[in-house]
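From first to last, the protein sequence lines stand for chains G and Z.
According to the working numbering, numbering within the first sequence proceeds without interruption in unit steps and concludes at 280.
According to the working numbering, numbering within the second sequence proceeds without interruption in unit steps and concludes at 280.
To start, the structure itself, in structure tokens.
2 protein chains.
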Amino acid sequence: MARTKNNAPELMVAFDAGEPVKPEKDRKFVESLSRGLDVLRAFTQGSVILGNQDIARITGLPKPTVSRMTYTLTKLGYLSYNTQLEKYQLSSGVLALGYAYVSNLKVRQLAKPYMDEFARQTNMSVGLTCRDRLHMIYVENRLPPEASLLRMEIGLKLPLATTAAGRAYYCAIGDQDRALLDDALALKYGEDWPEKRQGLTQAMEDYRAHGFCLSLGEWDRNINSAGVPIHLQDGTIMALTCSAPSYLVPADRLRDTIAHQLAMLAGDIESLGV
Amino acid sequence: MARTKNNAPELMVAFDAGEPVKPEKDRKFVESLSRGLDVLRAFTQGSVILGNQDIARITGLPKPTVSRMTYTLTKLGYLSYNTQLEKYQLSSGVLALGYAYVSNLKVRQLAKPYMDEFARQTNMSVGLTCRDRLHMIYVENRLPPEASLLRMEIGLKLPLATTAAGRAYYCAIGDQDRALLDDALALKYGEDWPEKRQGLTQAMEDYRAHGFCLSLGEWDRNINSAGVPIHLQDGTIMALTCSAPSYLVPADRLRDTIAHQLAMLAGDIESLGV
DNA sequence: AACTCTGTTTCGCACAACGAAACAGAACCG
DNA sequence: CGGTTCTGTTTCGTTGTGCGAAACAGAGTT
């Protein structure tokens, strides 16, 4: 086995701050692949059905390029064409890929029973999330027996700055990565950044002092949640969270007892060796 | 709005019979995008973690090309690099795409309560599937109250020829599409094709006579299931199925009463206007 | 009939992607 | 230790693919 200068890109810097990334001069980077995937990702930014024009506007790609990409993606089964509306939408090809990812996450399988037990004991829903660019994505979510209103499905995206999941992740990454993340978030939030940063700074303090982060009504006014990072053996950092409506789990109870239990749980899961 | 000769590829002919598709000469087809996606799909064929060499072998692409593709995909967050094993695996980027697809399927949302009710009444698990190349993929699955052993997750792939889902789909498509599908299946199964075709022929007869298809222990020895197609308004064809261990739901009860109810359910769902 | 909105197609060029071959390390091995 | 065999990376000259401005083509709209 060899690795002279390590082909794998040193750090994942592809934060999407709205506009697509423009790597300037990299012989190894395959531009048209990147563009094609940008076309697919255009469908995750809200709209479910897009014409070539829409895609061109969202991605910033020229029209003929979009035309070729949608043609190719349709032929491969990643997009489908709606002849009535004359627009495209995602097709089943992307689902196969997404499933291949989650179904092979060992941590997900192993953590599931622990998460169930925790959900049962605390009556909160327990989620496991990973980062994708500037979001946290659920890879698992277990509900308490009396199924709460919170039905977070696998794949759902949460913002990074205002949720317990995002904050736990933010606290756990290296200083260098965090600086990059700060830049990307600042770009995304513009003049709202100072406010968001305040929440993240608070999270860092919480995390250093107690080992967990909180989001008390800061993402959804009625939801309190706590989050802790989980370090996988391959270096991946995920976040374990528990959430409930604030009238069921008030802030002080979350802070004083439950969040600490969550941190213990994270430790247990890590020590399973995933 | 314009469509002179219809840019959208006439028919989705991208059946993967093992080896990647080789379109010969199509100015609109972006080869490198197709190749990059082939690299991603390599991870859905069993292995969860692959080196460049493995990918080259699976996809048939030359080594330097694979190197560039993995480099690009890693940089974009669709693959992650495991430094210990010096191999790649899928990353969270693909999950965001897959979720965008399922979460926007109206039929899924609308059918869910009906499927729950059917599961409760019949004590079978009820699935909604769509086709991806030579497989059917779950886009929704609802279990009966006393959660059976069958836990089919969204995204899971079923073979097309031996399952009730696949057969229902097979019966519902046009003759021309079916002929193409036959060719692809023949290529996939080789000398086993006559046997598989027998099952599909039987399904066609069942479907014409009764409006449903069956798979009685033909996919999993211990599982009986029935399937019916669902036609969406945009022309998409999906399949609705119900399944249970054969000792709980014997073949005759499935054939004589439940399958017919399933066909009725499919009609109800179609008439919701999805 | 002129205008606008779509999306497709053309076509010549540039340069991005290609891939054979060379290189580079690691592990193993007698 | 030199040789062998894995791995994956890099080089580099060539080619042909992907590019995109501009032209074209329909369908509504006024």
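Heads up, the beta-carbon is just placed ideally off N, CA and C, and yes, glycines get one too.
Nearest residue (CA-CA) to residue i, options the options
| i | options | result |
| --- | --- | --- |
| Z/Arg-33 | G/Gln-90, G/Tyr-77, G/Asp-44 | G/Tyr-77 |
| Z/Ala-265 | Z/Gly-104, Z/Val-280, Z/Ser-221 | Z/Ser-221 |
| G/Leu-260 | G/Trp-225, G/Ile-236, G/Cys-219, G/Ile-243 | G/Cys-219 |
| G/Val-253 | G/Gly-241, G/Ser-231, G/Leu-268 | In the sequence as displayed, the identity of residue 253 of chain G is Tyr instead of Val. The option with the nearest alpha carbon to G/Tyr-253 is G/Ser-231. |
| G/Gly-99 | G/Asp-181, G/Gly-161, G/Leu-85 | G/Leu-85 |
| G/Leu-278 | G/Asp-181, G/Lys-118, G/Ser-131, G/Cys-136 | G/Lys-118 |
| G/Pro-200 | G/Asp-44, G/Glu-211, G/Asp-188 | G/Asp-188 |
| Z/Asp-226 | Z/Ser-249, Z/Thr-50, Z/Leu-191, Z/Val-280 | Z/Ser-249 |
| G/Ala-167 | G/Gln-182, G/Glu-159, G/Arg-137 | G/Arg-137 |
| G/Ile-283 | G/Thr-263, G/Thr-207, G/Met-210, G/Val-280 | Nothing can be reported for residue 283 of chain G, as the shown portion of chain G is limited to 7 through 280. |
| G/Leu-91 | G/Asp-60, G/Gln-182, G/Ala-102 | G/Asp-60 |
| Z/Thr-229 | Z/Pro-235, Z/Ala-215, Z/Thr-247 | The sequence as given places Ile at residue 229 of chain Z; Thr does not occur at that position. Closest by alpha carbon: Z/Thr-247. |
| G/Tyr-87 | G/Gln-115, G/Ala-102, G/Asn-58 | G/Asn-58 |
| Z/Ser-97 | G/Gly-196, G/Leu-116, G/Thr-135 | G/Thr-135 |
| Z/Leu-101 | G/Glu-159, G/Ser-53, G/Arg-214, G/Lys-194 | G/Glu-159 |
| G/Ile-275 | G/Asp-262, G/Glu-123, G/Pro-70 | G/Glu-123 |
| Z/Asp-181 | Z/Glu-197, Z/Ile-236, Z/Ala-62, Z/Met-210 | Z/Met-210 |
| G/Gly-273 | G/Lys-69, G/Pro-235, G/Asp-258 | G/Pro-235 |
| Z/His-216 | Z/Ala-192, Z/Ala-62, Z/Lys-69, Z/Thr-263 | Z/Thr-263 |
| Z/Thr-207 | Z/Thr-71, Z/Tyr-176, Z/Asp-183 | Z/Tyr-176 |
Which of helix, strand or coil DSSP assigns to residue i
| i | result |
| --- | --- |
| Z/Gln-95 | strand |
| G/Gly-217 | coil |
| Z/Arg-126 | helix |
| G/Lys-163 | strand |
| Z/Glu-152 | coil |
| G/Glu-146 | strand |
| Z/Thr-169 | coil |
| G/Ser-249 | strand |
| Z/Asp-212 | helix |
| Z/Lys-28 | Note that Z/Lys-28 has pLDDT 35, beneath the 50 cutoff, so the model's placement of it is unreliable and the number below is only indicative. Residue state, collapsed to three classes: coil. |
| Z/Val-280 | coil |
| Z/Arg-74 | helix |
| Z/Tyr-87 | strand |
| Z/Ile-55 | coil |
| Z/Val-19 | At Z/Val-19, the pLDDT of 40 sits below 50, so the modelled position is not reliable and the matter cannot be decided from this model. |
| Z/Lys-242 | In the sequence as displayed, the identity of residue 242 of chain Z is Thr instead of Lys. If DSSP states are grouped into helix, strand and coil, Z/Thr-242 belongs with coil. |
| Z/Ile-236 | strand |
| G/Gly-196 | helix |
| G/Arg-137 | strand |
| G/Val-255 | coil |
| Z/Ile-229 | strand |
| G/Leu-5 | No information on residue 5 of chain G is available, as it lies outside the stretch 7 to 280 that chain G covers here. |
9 Å Cβ cutoff met for residue i and residue j
| i | j | result |
| --- | --- | --- |
| Z/Gly-233 | Z/Ala-185 | no |
| G/Ser-38 | Z/Ser-131 | no |
| Z/Ile-64 | Z/Lys-93 | no |
| G/Leu-82 | G/Arg-41 | no |
| Z/Leu-238 | Z/Val-113 | yes |
| Z/Gly-241 | Z/Glu-224 | no |
| Z/Gly-104 | G/Gly-104 | yes |
| G/Asp-75 | G/Leu-271 | A small fix is needed here, since residue 75 of chain G is Met in this sequence, not Asp. Not closer than 9 Å, so no. |
| G/Ala-178 | G/Ala-245 | yes |
| Z/Val-45 | Z/Leu-79 | yes |
| Z/Glu-152 | Z/Asn-129 | yes |
| G/Leu-149 | G/Ala-171 | no |
| G/Phe-49 | G/Gln-95 | yes |
| Z/Lys-202 | Z/Tyr-195 | yes |
Contact test: residue i Cβ vs the ligand ADP heavy atom, cutoff 8 Å
| i | result |
| --- | --- |
| Z/Gly-52 | The ligand ADP is not part of this structure, which contains no ligands at all. |
Mind listing which residues of the stretch 116-145 of chain G have their C-beta closer than 8 Å to chain Z's C-betas, in chain order? Cys-136, Arg-137, Asp-138, Arg-139, His-141, Ile-143, Val-145
Taking 8 Å as the threshold, find out whether the stretch 240-256 of chain G comes into contact with the stretch 99-110 of chain Z through three or more Cβ pairs. no
Say whether the stretch 133-146 of chain G touches the stretch 161-176 of chain G, bearing in mind that this needs 3 or more beta-carbon pairs closer than 8 Å, one atom from each stretch. yes
Any residues in the stretch 66-82 of chain Z with a beta carbon nearer than 7 Å to a beta carbon of chain G? Which ones, in chain order? Ser-73, Arg-74, Met-75, Tyr-77, Thr-78, Thr-80, Lys-81, Leu-82
Residues within the stretch 202-214 of chain G neighbouring chain Z, beta-carbon criterion of under 8 Å: none
Using a Cβ-Cβ cutoff of 8 Å, what residues of the stretch 96-111 of chain G are near chain Z? List them in chain order. Leu-96, Ser-97, Ser-98, Gly-99, Val-100, Leu-101, Ala-102, Leu-103, Gly-104, Tyr-105, Ala-106, Tyr-107, Val-108, Ser-109, Asn-110
Quick one, which residues of the stretch 161-175 of chain G are near chain Z if we go by CB-CB under 8 Å, in chain order? Gly-161, Leu-162, Lys-163
Compile a chain-ordered list of the residues in the stretch 225-240 of chain Z whose CB is closer than 7 Å to at least one CB of chain G. Asp-240
Against chain Z, which members of the stretch 49-66 of chain G pass a CB distance test of less than 7 Å? Phe-49, Thr-50, Val-54
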